[in-house]
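Contents: one structure, followed by commentary.
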Amino acid sequence: MNGLVYTRYELLRALRNRRFFFFSLGFPLLFYFVIAAPNRHVTDFDGSGISLPLYYMVGLTSFGTMVAMISTGTRIAAERQVGWTRQLRITPLSTRAYFRAKLLAAYMMAGLTIVLLYGAGASLGVGLPAGNWLAMTGLILIALLPFAALGITLGHLINVDSIGPATGGGASLLAFLGGTWFPLGSHGFLYQLGQLLPSYWLVQAAHTGITGHGWPARGWIVIAVWSALLSLAAVYAFRRDTKRV
Amino acid sequence: MTGTGIRLSRLSKSFRSPEGPVHAVRAIDVSIERGEAVALLGPNGAGKSTTIDMLLGLQPPDSGDVSLFGHTPREAVHRGLVGAMLQTGSLIQYLSVRELLKMMASVYPSPLGVEAVLSQTGLEAIAARRTQKLSGGETQRVRFALALLSDPDLLVLDEPTVAMDVEARHEFWNSMRAFAARGKTVVFATHYLEEADQNADRVVLMAHGRVVADGPPTEIKARVGSRTIRATLPDADPGELAALAGVARAERRGEAVVLSCADSDQAIRALLERYPAARDIEIAGAGLEDAFLALTADPDTDTDADAPPPALAP
Ligand SMILES: Nc1ncnc2c1ncn2[C@@H]1O[C@H](COP(=O)(O)OP(=O)(O)OP(=O)(O)O)[C@@H](O)[C@H]1O
Ligand SMILES: [Mg+2]
Numbered sequence: 001m002n003g004l005v006y007t008r009y010e011l012l013r014a015l016r017n018r019r020f021f022f023f024s025l026g027f028p029l030l031f032y033f034v035i036a037a038p039n040r041h042v043t044d045f046d047g048s049g050i051s052l053p054l055y056y057m058v059g060l061t062s063f064g065t066m067v068a069m070i071s072t073g074t075r076i077a078a079e080r081q082v083g084w085t086r087q088l089r090i091t092p093l094s095t096r097a098y099f100r101a102k103l104l105a106a107y108m109m110a111g112l113t114i115v116l117l118y119g120a121g122a123s124l125g126v127g128l129p130a131g132n133w134l135a136m137t138g139l140i141l142i143a144l145l146p147f148a149a150l151g152i153t154l155g156h157l158i159n160v161d162s163i164g165p166a167t168g169g170g171a172s173l174l175a176f177l178g179g180t181w182f183p184l185g186s187h188g189f190l191y192q193l194g195q196l197l198p199s200y201w202l203v204q205a206a207h208t209g210i211t212g213h214g215w216p217a218r219g220w221i222v223i224a225v226w227s228a229l230l231s232l233a234a235v236y237a238f239r240r241d242t243k244r245v
Numbered sequence: 246m247t248g249t250g251i252r253l254s255r256l257s258k259s260f261r262s263p264e265g266p267v268h269a270v271r272a273i274d275v276s277i278e279r280g281e282a283v284a285l286l287g288p289n290g291a292g293k294s295t296t297i298d299m300l301l302g303l304q305p306p307d308s309g310d311v312s313l314f315g316h317t318p319r320e321a322v323h324r325g326l327v328g329a330m331l332q333t334g335s336l337i338q339y340l341s342v343r344e345l346l347k348m349m350a351s352v353y354p355s356p357l358g359v360e361a362v363l364s365q366t367g368l369e370a371i372a373a374r375r376t377q378k379l380s381g382g383e384t385q386r387v388r389f390a391l392a393l394l395s396d397p398d399l400l401v402l403d404e405p406t407v408a409m410d411v412e413a414r415h416e417f418w419n420s421m422r423a424f425a426a427r428g429k430t431v432v433f434a435t436h437y438l439e440e441a442d443q444n445a446d447r448v449v450l451m452a453h454g455r456v457v458a459d460g461p462p463t464e465i466k467a468r469v470g471s472r473t474i475r476a477t478l479p480d481a482d483p484g485e486l487a488a489l490a491g492v493a494r495a496e497r498r499g500e501a502v503v504l505s506c507a508d509s510d511q512a513i514r515a516l517l518e519r520y521p522a523a524r525d526i527e528i529a530g531a532g533l534e535d536a537f538l539a540l541t542a543d544p545d546t547d548t549d550a551d552a553p554p555p556a557l558a559p
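Note that the protein sequences, when read in sequence, are chains G and C. One point on numbering: in my numbering, the residue at position 87 of the first sequence is 87, and numbering is uninterrupted. Every position in the second sequence, counted from 1, becomes a number in my numbering once 245 is added.
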């Protein structure tokens with residue numbers, strides 16, 4: 001009960017942050033329309049057998065949701081800047097309740113990103129079987145866990161003046177290495193590296209919408225290991241974050 | 246460990262800095278009984294905020310021990326026994342004042358009612374306003390309201406009236422005293438000596454990380470002299486003046502000398518007898534301000550070579 005009221009206001013704060021909302025949700029949408037609208041009749045993108053609007057809808061869903069999760073860090077850095085994190089440390093708010101509120105706010109943004117991009121895709125004639133869409137959404141939500149933890153960790157380690165480049169650069173690098181913008185193929189160094197990254201499996205999760213296939217065991221393991229490691233990092237970063245900024 | 250009050254035992258904290266270690270707090274011992282209102286007074290950099298950080302468990306001490314009503318700071322915070330207004334800090338955005346208080350009240354085991362706190366701190370009129378629209382003084386009042394929310398046994402305030410106007414300050418101290426009157430313990434840091442004098446039962450004077458005086462405001466005044474004599478006396482030597490009966494300290498200010506006196510009646514007689522040429526004589530009651538400057542600027546209170554030079558309070 002304790003955590004619910006707190007979480008509710010945390011969500012309200014995220015919803016009321018218009019500018020954050022606009023950029024976090026607006027950019028993937030804008031990006032999508034710029035790329036996909038002029039090419040909406042390309043039915044076989046790059047020999048993949050998939051229409052271009054579908055291919056990019058899925059790609060931008062993985063990128064947009066990842067950015068939504070990591071940018072939790074931006075908001076945390078801003079809160080630290082005004083001393084709010086220290087203020088929270090002199091309340092009985094538990095680490096768990098704090099994380100739950102941050103996590104749900106991040107998932108709310110990610111969920112909206114998924115819905116909006118799907119709507120955008122539909123407006124360009126994209127359709128997915130309901131089963132594929134559900135499988136895709138479910139796997140994406142799971143694959144986002146490490147990114148939420150990464151966002152919280154960065155937010156508690158990095159100051160507000162450098163959090164922008166840190167989250168932006170981090171997200172771009174992870175997206176690139178995870179094969180968001182081009183297929184990594186099926187061999188070679190980038191492919192091997194990608195297989196070890198959560199962003200690769202996030203992209204694969206999004207591709208479930210197209211292929212209907214979920215992750216192999218390896219995907220589950222990579223996501224589980226990253227989630228565990230980054231959650232530990234997040235708890236550590238939060239607990240030690242009591243100094244004056 | 247005694248169960249009741251607040252005990253700081255041999256508490257120390259140093260920081261690394263490019264100029265070498267900064268000994269922010271040096272083995273201080275302070276005991277505060279339940280229900281006391283204590284002012285932590287000291288110039289910039291005296292170690293007040295660092296002491297408060299350790300008291301609240303925000304920074305671990307290098308050595309020494311903190312006990313709050315028999316608990317560690319962490320336990321005390323967890324039980325909602327502590328409310329604090331830190332020196333630096335503002336509010337999170339995108340909520341109204343009332344919403345922010347409701348949000349934070351929800352994390353305490355037995356909070357005061359939000360409406361009651363709003364009226365106690367005079368915030369009803371701006372309760373619906375978004376936190377980012379508040380003036381500096383209003384923000385401070387909301388931070389005070391947040392500190393009161395849990396109905397804490399210990400209220401810690403680090404320079405709480407910064408950014409408040411005269412009226413707001415007055416009301417703030419009234420609320421604080423009303424709170425203290427309910428048997429609560431209050432510790433506040435301030436540069437406003439008058440505030441310490443008027444609102445504290447006891448003053449703990451800090452300088453260079455040490456406690457240089459600890460007692461009721463009256464006792465501290467007595468330590469350096471309760472009155473000052475000022476006279477135009479160009480040729481007298483301050484060392485000789487300080488040795489006069491009744492004089493605690495002497496200081497030259499241009500043509501004039503200023504004598505801080507433990508007994509001004511005795512001192513004025515001795516002065517005129519020894520220096521008949523003294524003229525433009527004024528005798529004034531010394532406020533806590535003088536006590537403060539005298540004690541904290543006294544180089545004898547600091548024996549470490551690496552200590553920064555004493556800073557004067559504004
Ligand atoms: N994190 C830190 N790193 C290095 N030095 C620090 C740190 N925190 C505090 N100090 C130093 O420790 C000393 C005591 O600081 P503190 O903030 O406790 O003083 P204060 O009495 O609260 O002063 P003020 O009245 O200006 O608020 C200062 O010299 C300060 O520069
Ligand atoms: Mg301070």
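The beta-carbon is built from N, C-alpha and C at its ideal position, and this holds for glycine as well.
Problem set entry | Own chain, CB closer than 7 Å to residue 231 of chain G, minus 5 neighbours either side, in chain order | Residue numbering aside, residue 231 of chain G sits at position 231 when the first sequence is read from its first letter. Excluding sequence neighbours, residue 231 of chain G sits near 149.
Exercise. Which ranges does the beta strand (DSSP E) cover as unbroken runs of at least 3 residues, wholly within the region 251 to 298 of chain C, from first to last along the chain?
Worked result: 251 to 260, 267 to 277, 282 to 286
Exercise. Mind checking if residue 443 of chain C is an interface residue toward chain G, Cβ cutoff 8 Å exclusive?
Worked result: The residue labelled residue 443 of chain C in the question sits at position 198 within the second sequence. For residue 443 of chain C, the answer is no, since every Cβ of chain G falls outside 8 Å of its Cβ.
Exercise. So which residues put a beta carbon under 7 Å from any heavy atom of ligand 2, going in chain order?
Worked result: C:293, C:294, C:332, C:403, C:404, C:434
Exercise. Checking contacts by CB at 8 Å: is residue 17 of chain G closer than that to chain C?
Worked result: Sequence index remark: in the first sequence, residue 17 of chain G carries index 17 (1-based). At a cut-off of 8 Å between C-beta atoms, residue 17 of chain G counts as an interface residue with respect to chain C.
For this session: Please classify residue 425 of chain C: is it buried, with 16 or more other beta-carbons within 10 angstroms of its beta-carbon, or exposed?
Result: Position 180 of the second sequence, counted from the first residue, corresponds to residue 425 of chain C. Residue 425 of chain C comes out buried.
Exercise. What separation, rounded to the nearest whole angstrom, lies between the Cα atoms of residue 268 of chain C and residue 309 of chain C?
Worked result: Residue 268 of chain C sits at position 23 when you count from the first residue of the second sequence. Residue 309 of chain C sits at position 64 when you count from the first residue of the second sequence. Residue 268 of chain C and residue 309 of chain C have their C-alpha atoms roughly 14 Å apart.
Exercise. Start and end of the beta strand (DSSP E) containing residue 430 of chain C?
Worked result: Position 185 of the second sequence, counted from the first residue, corresponds to residue 430 of chain C. Looking at the DSSP string, the run of the beta strand (DSSP E) that includes residue 430 of chain C is 430 to 435.
Exercise. Is there at least one Cβ from chain C nearer than 8 Å to residue 102 of chain G's Cβ?
Worked result: Your numbering for residue 102 of chain G matches position 102 in the first sequence. For residue 102 of chain G, the answer is no, since every Cβ of chain C falls outside 8 Å of its Cβ.
Problem set entry | Bridge-paired residues (DSSP) for residue 310 of chain C | Position 65 of the second sequence holds residue 310 of chain C. Looking at the DSSP assignment, residue 310 of chain C forms a beta bridge with C:254.
Problem set entry | Contact residues within the region 80 to 103 of chain G, judged by C-beta distance below 9 Å to chain D | Note that chain D does not occur in the displayed structure, where the protein chains are G and C.
Exercise. Which first and last residues belong to the beta strand (DSSP E) in which residue 525 of chain C is found?
Worked result: If you number the second sequence from 1, residue 525 of chain C lands on position 280. Its beta strand (DSSP E) spans residues 524 to 530.
Problem set entry | Interface flag, residue 317 of chain C vs chain G, CB-CB below 8 Å | Numbered from 1 along the second sequence, position 72 holds the residue referred to as residue 317 of chain C. Not closer than 8 Å to any Cβ of chain G, the Cβ of residue 317 of chain C fails to qualify, so no.
For this session: Would you check whether ligand 1 has a heavy atom nearer than 7 Å to the C-beta of residue 287 of chain C?
Result: By 1-based counting over the second sequence, the position of residue 287 of chain C is 42. With a cut-off of 7 Å, the C-beta of residue 287 of chain C is classified as near ligand 1, since at least one heavy atom of the ligand falls inside that distance.
Exercise. Of all the CB atoms in chain C, is at least one closer than 8 Å to the CB of residue 242 of chain G?
Worked result: On the first sequence, residue 242 of chain G is found 242 positions in, with the first residue counted as 1. Under the Cβ distance rule, residue 242 of chain G counts among the residues neighbouring chain C, one pair being separated by less than 8 Å.
Problem set entry | Spatial distance of residue 579 of chain C from residue 390 of chain C (CA atoms) | The structure shown does not extend to residue 579 of chain C, since chain C is modelled only from 246 to 559, so the question has no answer here.
Problem set entry | Between the CA atoms of residue 62 of chain G and residue 274 of chain G - distance to the nearest angstrom | Chain G is shown only over 1 to 245; residue 274 of chain G falls outside these bounds and no answer can be derived.
Exercise. Which of the residues in the region 333 to 367 of chain C, read from start to end, lie with their CB under 9 Å from any CB of chain G?
Worked result: Here the close residues are 333, 334, 335, 336, 337, 338, 339, 340, 344, 345, 347, 348, 349, 350, 351, 352, 353, 354.
Problem set entry | Listed by chain order, chain C residues near residue 118 of chain G by CB distance under 8 Å | Here residue 118 of chain G corresponds to residue number 118 of the first sequence, with the count starting at 1. Among the residues of chain C, none has a CB under 8 Å from the CB of residue 118 of chain G; the nearest is roughly 27 Å distant.
Exercise. Since residue 303 of chain C meets chain G, which of its residues come closer than 9 Å, beta carbon to beta carbon?
Worked result: As a first step, residue 303 of chain C is located in the second sequence; it is residue number 58 there, counting from the start. Per Cβ cutoff of 9 Å: 86, 89, 90, 242, 243, 244.
Exercise. What span of residues does the alpha helix (DSSP H) with residue 351 of chain C cover, start to end?
Worked result: For the purposes of this step, residue 351 of chain C is taken as the residue at position 106 of the second sequence. That residue, residue 351 of chain C, is in no alpha helix (DSSP H); it is neither H nor E in DSSP.
Exercise. Which one or two residues does DSSP pair with residue 316 of chain C in a beta bridge?
Worked result: Your numbering for residue 316 of chain C matches position 71 in the second sequence. Paired residues: C:313.
Exercise. Any chance the region 199 to 210 of chain G sits against the region 59 to 75 of chain G, with 3 or more Cβ pairs inside 8 Å?
Worked result: yes
Problem set entry | Straight-line gap, residue 103 of chain G to residue 153 of chain G (C-alpha atoms, nearest Å) | Residue 103 of chain G sits at position 103 when you count from the first residue of the first sequence. Residue 153 of chain G sits at position 153 when you count from the first residue of the first sequence. So the alpha carbons of these two residues sit roughly 12 Å apart.
Exercise. Grouping DSSP H, G and I as helix and E and B as strand, with all else coil, what is residue 126 of chain G?
Worked result: The residue you call residue 126 of chain G lines up with position 126 of the first sequence. If DSSP states are grouped into helix, strand and coil, residue 126 of chain G belongs with coil.
Exercise. Between the region 128 to 142 of chain G and the region 72 to 80 of chain G, do three or more beta carbon pairs fall short of 8 Å?
Worked result: no
For this session: Compute every distance between the C-beta of residue 290 of chain C and the non-hydrogen atoms of ligand 1, then say whether any falls below 7 Å.
Result: Taking the second sequence and counting its residues from 1, the one referred to as residue 290 of chain C is at position 45. Because some heavy atom of ligand 1 lies under 7 Å away, the Cβ of residue 290 of chain C counts as near it: yes.
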